[in-house]
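For what it's worth, our numbering labels the leading residue of the sequence shown as 1, then goes sequentially.
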Amino acid sequence: MYDRCVLGAVASAVGIGCIALIGVFYLLMGIGFSISFLFEVYRTQHKVTISNQKKDKKDVQSIILVGRTGAGKSTLANVLSNDDKFAEIPGSASGTKDIQISEVFEWNGKKYRVIDTVGIGDTAELSNEKKISLFWDLFEIIRYYNIKQVFFVYKDRFENHQVEALRKVNKLLKLCGSIFNYNHIVLVSTNFPMFEDDDSCDQDSKRLLGDSRNKNIVEIIRNCKLIHVDNPSLDSPYYKEAAILSRESSREKLLNYLDSIASIENIGTEKTLNSANIEEKDIYTCFS
Numbered sequence: 001m002y003d004r005c006v007l008g009a010v011a012s013a014v015g016i017g018c019i020a021l022i023g024v025f026y027l028l029m030g031i032g033f034s035i036s037f038l039f040e041v042y043r044t045q046h047k048v049t050i051s052n053q054k055k056d057k058k059d060v061q062s063i064i065l066v067g068r069t070g071a072g073k074s075t076l077a078n079v080l081s082n083d084d085k086f087a088e089i090p091g092s093a094s095g096t097k098d099i100q101i102s103e104v105f106e107w108n109g110k111k112y113r114v115i116d117t118v119g120i121g122d123t124a125e126l127s128n129e130k131k132i133s134l135f136w137d138l139f140e141i142i143r144y145y146n147i148k149q150v151f152f153v154y155k156d157r158f159e160n161h162q163v164e165a166l167r168k169v170n171k172l173l174k175l176c177g178s179i180f181n182y183n184h185i186v187l188v189s190t191n192f193p194m195f196e197d198d199d200s201c202d203q204d205s206k207r208l209l210g211d212s213r214n215k216n217i218v219e220i221i222r223n224c225k226l227i228h229v230d231n232p233s234l235d236s237p238y239y240k241e242a243a244i245l246s247r248e249s250s251r252e253k254l255l256n257y258l259d260s261i262a263s264i265e266n267i268g269t270e271k272t273l274n275s276a277n278i279e280e281k282d283i284y285t286c287f288s
């Protein structure tokens with residue numbers, strides 16, 4: 001009798017365990033299905049958006065702003081576009097939650113637009129859904145806008161974490177099908193009060209090369225254009241006038257540079273790239 005009770009208890013425990021395992025299995029299957037479903041939904045939405053979108057006019061050049069959170073991308077977007085559309089939040093917090101695109105503006109007879117991205121490079125806390133959404137937004141932008149330059153925005157020092165952020169940007173752009181080189185990347189130092197003094201800018205560039213023991217940093221500094229600007233906050237009533245003048249000079253410096261490289265070809269794209277060939281795991285790799 002005792003043996004039968006024991007066997008019955010064991011059988012019941014095994015049965016409950018099997019049911020639990022089956023439940024866990026289906027739960028995991030459900031999670032996997034949900035993520036894959038989201039991936040296909042965003043891919044489908046992306047295709048619909050593209051099919052309804054007219055290709056960008058050739059005379060409008062686009063500048064993508066990338067970099068870590070709090071580097072001053074949104075402030076720079078306002079400065080370049082001479083607008084206040086982009087949220088500016090002082091400190092290391094991010095004011096950009098989604099990709100934002102400015103209205104078309106002109107400089108010396110040429111038309112431009114600015115594309116402000118989220119803090120690519122420190123997006124580890126983004127959900128998988130947000131990563132997928134961000135990727136397809138970038139894919140659409142790269143494929144259907146005329147991208148003239150990528151401005152990699154940083155504040156103060158260019159260090160190892162900036163290299164890592166730039167590496168992620170590189171992976172994302174390549175997965176989107178872009179074909180570019182160092183000529184298309186500009187390092188923009190956004191917190192350099194002496195930006196109008198050429199000697200001070202040259203000294204800072206040499207300092208970056210001299211201080212760095214990281215060969216990747218040296219390679220980037222030597223091959224990419226480095227432009228120093230200063231875009232102070234407009235919040236202080238005591239320094240607002242000086243801040244406005246500084247921003248205007250920064251804008252002039254950057255747009256004159258864009259004017260000077262008119263002969264450089266835009267960032268190309270792989271014509272044969274098909275969004276159907278991009279796998280979900282490839283997107284996650286870009287953010288790792």
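All residues carry an ideal CB built from backbone N, CA and C; glycine is no exception.
{"Query": "Assumed close pair Q354, I227 - CB separation to whole angstroms, cut-off 8 Å", "Result": "No information on residue 354 is available, as it lies outside the stretch 1 to 288 that the chain covers here."}
{"Query": "Option in R143, I217, S246 with minimal Cα separation from V229", "Result": "S246"}
{"Query": "Y112 - partner residues in DSSP beta bridges", "Result": "Q61, F105"}
{"Query": "Per-residue DSSP class, three states only, for K171", "Result": "helix"}
{"Query": "Rounded distance between the beta-carbons of I221 and L208, thought under 8 Å", "Result": "5 Å"}
{"Query": "Between the CA atoms of I132 and I35 - distance to the nearest angstrom", "Result": "Any reading at I35 must be qualified, since the residue scores a pLDDT of 45, below 50, and its modelled position is unreliable; the value itself is stated next. Between I35 and I132, the C-alpha separation is close to 10 Å."}
{"Query": "Runs of alpha helix (DSSP H) lying entirely within the stretch 193-217, each at least 4 residues, in chain order", "Result": "198-211"}
{"Query": "Rounded C-alpha distance that separates A276 from C176", "Result": "12 Å"}
{"Query": "Of the residues K174, T69, N214, the one placed nearest D282, counting alpha carbons only", "Result": "K174"}
{"Query": "Nonlocal neighbours in the same chain, by C-beta distance under 6 Å from I232, ignoring five residues either side", "Result": "The amino acid at residue 232 is misidentified as Ile; the sequence shows Pro. Here the set comprises A243, S246."}
{"Query": "Under the three-state DSSP convention, the category F135 falls into", "Result": "helix"}
{"Query": "Beta-carbon contacts of R113 that lie in its chain and below 8 Å, excluding the five residues immediately before and after", "Result": "V60, Q61, S62, I63, S81, I101, S102, E103, V104, F105, Y145"}
{"Query": "Nearest-angstrom beta carbon gap, N216 and V163 [assumed within contact, 8 Å]", "Result": "5 Å"}
{"Query": "Outcome for H184 when other beta-carbon atoms lying within 10 angstroms are tallied against a minimum of 16", "Result": "buried"}
{"Query": "Buried/exposed call for I264, threshold 16 Cβ in 10 Å", "Result": "exposed"}
{"Query": "As assigned by DSSP and simplified to three states, the class of K155", "Result": "coil"}
{"Query": "Inside the stretch 213-262 only - alpha helix (DSSP H) runs reaching at least 4 residues", "Result": "215-223, 240-260"}
{"Query": "Cβ pair T117, L65 closer than 8 Å", "Result": "yes"}
{"Query": "For T304, three-class secondary structure by DSSP", "Result": "Not covered by the structure: residue 304. The range shown for the chain is 1 to 288."}
{"Query": "Burial state of R213, where buried means 16 or more other Cβ atoms lie within 10 Å", "Result": "exposed"}
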